[in-house]
Amino acid sequence: MKNIRNFCIIAHIDHGKSTLADRLLEFTHTVNDREMQAQVLDNMDLEREKGITIKSHAIQINYNFGGQEYILNLIDTPGHVDFSYEVSRALAACEGALLLVDATQGIQAQTISNLYLAIDNDLEIIPVLNKIDMDGAMIAEVEDQIIDLIGCKHEHILHASAKTGVGIEEILKAIIKRIPSPEGNPDAPLQALIFDSVFNSFRGIIVYYRVFNGVLRKNDKIKFSNTGKEYNADEVGILKIGMMAKSEVKAGDVGYVITGIKNAKEVKVGDTITTTANPCKESIKGFEEVKPMVFAGIFPVNTDEFEELRDCMEKLQLNDASLTFELETSQALGFGFRCGFLGMLHMEIIQERLEREFNQTVITTVPNVGFFAYTTKGEKITVNNPTQMPDPSRIEKIEEPYIKAQIITKPDYIGNIMSLCIGKRGILTNQTYLTPTRVELSFEMPLTEIVFDFYDRLKSVTRGYASFDYHPIGYRQSDIVKMDILLNGEKVDALSSLIHRIRSQEFGRKLCEKLKELVPRQQFQIAIQAAIGAKIISRENISAIRKDVTAKCYGGDISRKRKLLEKQKEGKKRMKQIGNVEVPQEAFLAVLKLDE
């Protein structure tokens, strides 16, 4: 065990984690030249196209140093704020972390956030300055930022260029010298932490774990502590570029186990694996539950595909433990799911994965956050979607979730950021200059205001020079109302939203204007209304498609024309009573893009 090192790479998005992982694999010949490609650990098409890591990936590296063979288990992690749950899982399985900072950009919000996660887990941190070969590299300045942040010495900061391969050997040496080897007793009862799982249509569910104590052998009878279910370990092994079967996986190592599990609900990330013959006394602690931030409904386009969508969601949840969902019905869309996401990018990725990996075409409703409503009888109701909102006459108060937002930017953009955040009901709590050219702004803001387009607008007002991170700070009382959209007096529940009263008028008007463009014209007039309770706050009309019934009358008496027009009017009135309005899928998506 003294020759094993478990480590992960943490950094802000685009600071070069995946490229550094590529160089480490290349330098140690873990991946041969034929298999080598850019972002070798990012095996999803989406990850390659967007250039981001969505899933954390584990791989074992063998490295010879000082005449001894070392086993290095690397877990590559995502950098985007929406995937911080993946990072927390990777950290739970490691003893050390490489903190990667881009020399051209310096410390960013997610760097700090991930660093705090690593410190909470008592990890040994090795600071690495990446992209030192670039023209815009500010090596001395960024080194000072790192020293201020973690209090290390100048000589402890490693310099590297993941693109050209400079400094890779020094990083490997530092991993071996500075990161402690795992502590654990190979003779104790088996105790292993599940940190990930994937679905394979031939083998069932493959579970990834880190062994803390004991040994997991092939054909052992194993038990999952949380669910209490027992299985047979048909195959165990370690993770190279593919899976490599072994007869046993010992304490301190990272590996996989195949037991032929078919049901997705039986595997919980963060659960403890032990043997039935000699079970461990207690489960492994220190694993946080996922807290969804944004809620939206996902419905199949054809209602008869609901069962198929349920299977796909369960398989997807296996691969992405931060996705939560429950059953929901809607008058307009039929059966579907109410899903909880960690953020808007997470929601977009889930939707794309459903379409690509499972061929599911889905409709996503307006995203919103979870509120608490207190009734006059003193009941506390959790409101995750507009249909759960109690009658306004029964509500005493509503509380909405607040977050603390950290924004790091250049001083030139402070004014733009202030006006954006204050316009979103934010309160400035702190402003600190990290260096003369870097400033950190802290705001307390309602999560509702961030859900839609905050991140995109922040990028545009700062020309991409701002980094953003947030964490929840509890609930506060607020004036939240339910806004309904009516088409010809009929509520379209999938377009209802929960919104602050101040913003409702403007939002209702924009939504009605957008729907006027998207809802196809009928042979009768359609009224689009936004309403809060019984009060209509905005209205647009879609005029009817009319046939010119008076075309055949040339000359003659006006009463003849009037008779034909009256007859047409009666027909339209009758049609309006029985006709229903089809809402196209673009209308549901339009709500997300109102400010564009």
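The sequence shown begins at 1 in UniProt numbering and counts up by one.
The beta-carbon is built from N, C-alpha and C at its ideal position, and this holds for glycine as well.
May I ask which residues mark the beginning and end of the alpha helix (DSSP H) holding residue i?
i, result
"Asn6", "Taken as a continuous stretch (DSSP letters only), Asn6 belongs to no alpha helix (DSSP H), being part of the beta strand (DSSP E) at Ile4 to Ala11."
"Ser18", "Lys17 to Phe27"
"Met344", "Met344 to Phe358"
"Met418", "Ile414 to Gly423"
"residue 612", "An answer regarding residue 612 cannot be provided, because it is not within the stretch 1 to 596 covered by the chain."
So is residue i buried or exposed if we call it buried at 16+ other beta carbons inside 10 Å?
i, result
"Val301", "exposed"
"Gln191", "buried"
"Glu596", "Low confidence applies here, because Glu596 scores a pLDDT of 45, under 50, leaving its location unreliable; read the following figure in that light. Classification for Glu596: exposed."
"Glu566", "exposed"
"Tyr433", "exposed"
"Asp469", "buried"
"Ser543", "exposed"
"Ser419", "exposed"
"Ser559", "exposed"
"Thr329", "exposed"
"Phe202", "exposed"
"Asp247", "Position check: residue 247 holds Ser in this sequence, whereas Asp was assumed. Exposed: under 16 other Cβ atoms inside 10 Å."
"Glu69", "exposed"
"Asn385", "buried"
"Asn226", "exposed"
"Thr274", "buried"
Relative to the C-alpha of residue i, which candidate in the options has its C-alpha closest?
i, options, result
"Val249", "Gln60, Arg476 and Asn121", "Gln60"
"Ile417", "Glu379, Ser467 and Gln388", "Ser467"
"Leu117", "Glu141, Ala103 and Val87", "Val87"
"Ile485", "Asp469, Pro472, Ser504 and Arg476", "Ser504"
"Pro401", "Arg476, Lys459 and Phe358", "Arg476"
"Leu327", "Phe337, Thr272 and Leu318", "Phe337"
"Ser197", "Asp271, His15, Gly214 and Glu169", "Asp271"
"Met293", "Glu305, Phe299, Thr324 and Thr303", "Thr324"
"Phe299", "Glu355, Pro279 and Lys246", "Glu355"
"Leu405", "His471, Met483, Gly151 and Met134", "Reading off the sequence shown, one finds Ala at residue 405, where the question assumed Leu. The shortest Cα separation from Ala405 among His471, Met483, Gly151 and Met134 belongs to His471."
"Asp320", "Lys397, Pro436, Ile408 and Arg353", "Arg353"
"Gly474", "Val369, Asn385, Asn64 and Cys280", "Val369"
"Ile403", "Ile526, Ile450, Ile112 and Asp22", "Ile450"
"Lys459", "Gln145, Tyr413 and Lys482", "Tyr413"
"Ile408", "Thr437, Ile395 and Asn384", "Thr437"
"Gly426", "Ala251, Phe454 and Lys563", "Phe454"
"Gly260", "Tyr231, Met243 and Lys173", "Tyr231"
"Arg457", "Thr28, Cys421 and Leu511", "Cys421"
"Gly106", "Ile139, Ile205 and Pro279", "Ile139"
"Phe295", "Glu305, His346 and Lys410", "His346"
"Glu490", "Ser478, Leu515, Ala527 and Lys516", "Ala527"
"Val269", "Cys512, Tyr63 and Ile205", "Ile205"
"Thr375", "Pro367, Glu399 and Glu169", "Glu399"
"Arg509", "Val166, Leu498 and Arg539", "Arg539"
"Phe199", "Lys2, Leu318 and His154", "Leu318"
"Asn185", "Leu216, Thr164 and Leu487", "Leu216"
"Ala531", "Met483, Leu487 and Glu141", "Met483"
"Gly214", "Glu170, Pro279 and Lys163", "Pro279"
"Ala137", "His15, Thr104 and Glu155", "Thr104"
"Leu515", "Lys569, Asn64, Leu74 and Asn541", "Asn541"
"Lys410", "Thr19, Asn121, Ser113 and Thr462", "Thr462"
"Leu72", "Gly66, Leu115 and Leu25", "Leu25"
"Arg546", "Gly571, Ile536 and Ser113", "Gly571"
In terms of residue numbering, what span does the beta strand (DSSP E) encompassing residue i cover?
i, result
"Val451", "Careful: Val451 lies outside any beta strand (DSSP E), inside the alpha helix (DSSP H) at Thr448 to Val451."
"Gly474", "Ser467 to Ser478"
"residue 598", "What is shown of the chain runs 1 to 596, which leaves residue 598 out entirely."
"Val406", "In the sequence as presented, Val is not what sits at residue 406; that position holds Gln. Element bounds for Gln406: Ile395 to Thr409."
"residue 613", "Outside the shown range of the chain (1 to 596) lies residue 613, about which nothing can therefore be said."
"Lys535", "Lys535 to Ile542"
- Message: Does the structure place the stretch 164-184 close enough to the stretch 235-244 that three or more beta carbon pairs sit under 8 Å?
- Response: Contact fails: fewer than three Cβ-Cβ distances are below 8 Å.
- Touch check for the stretch 359-378 and the stretch 493-504: three-plus C-beta pairs under 8 Å? They touch, by the three-pair rule.
- Message: Count Cβ pairs between the stretch 430-447 and the stretch 379-390 that sit closer than 8 Å; are there 3 or more?
- Response: Not touching, per the Cβ criterion.
- Message: Pairs of beta-carbons, one from the stretch 431-444 and one from the stretch 311-319, closer than 8 Å: are there three or more?
- Response: Contact fails: fewer than three Cβ-Cβ distances are below 8 Å.
- Mind listing, in chain order, the continuous beta strand (DSSP E) runs of no fewer than 3 residues lying wholly within the stretch 109-193? Listed in chain order, they are 124-130.
- Task: Determine contact between the stretch 203-219 and the stretch 253-261, defined as no fewer than three beta-carbon pairs at a distance below 8 Å.
- Result: Taking 8 Å as the limit for Cβ pairs, the verdict is that the stretch 253-261 does touch the stretch 203-219.
- Uninterrupted beta strand (DSSP E) stretches inside the stretch 217-271 (no shorter than 3 residues): Fully enclosed beta strand (DSSP E) runs of no fewer than 3 residues occupy 221-224, 230-232, 235-239, 243-246, 248-250 and 254-258 of the stretch 217-271, in order along the chain.
- Message: Taking contact to mean 3 or more Cβ pairs, one atom from each stretch, closer than 8 Å, check whether the stretch 125-133 and the stretch 148-160 are in contact.
- Response: Short answer: they touch.
- Item | the stretch 500-518 touching the stretch 552-560, judged by at least three CB pairs closer than 8 Å | Too few Cβ pairs lie closer than 8 Å, so no.
- Decide if the stretch 92-104 is in contact with the stretch 9-17; the criterion is three or more beta carbon pairs, one per stretch, under 8 Å apart. Pairwise C-beta distances place the stretch 92-104 in contact with the stretch 9-17, as three or more of them are shorter than 8 Å.
- Query: Can you list, in chain order, the stretches of the beta strand (DSSP E) that have 3 or more residues and sit fully within the stretch 356-386?
  - Reply: Entirely contained in the stretch 356-386, the beta strand (DSSP E) runs reaching 3 residues are, in chain order, 362-364, 371-375 and 380-383.
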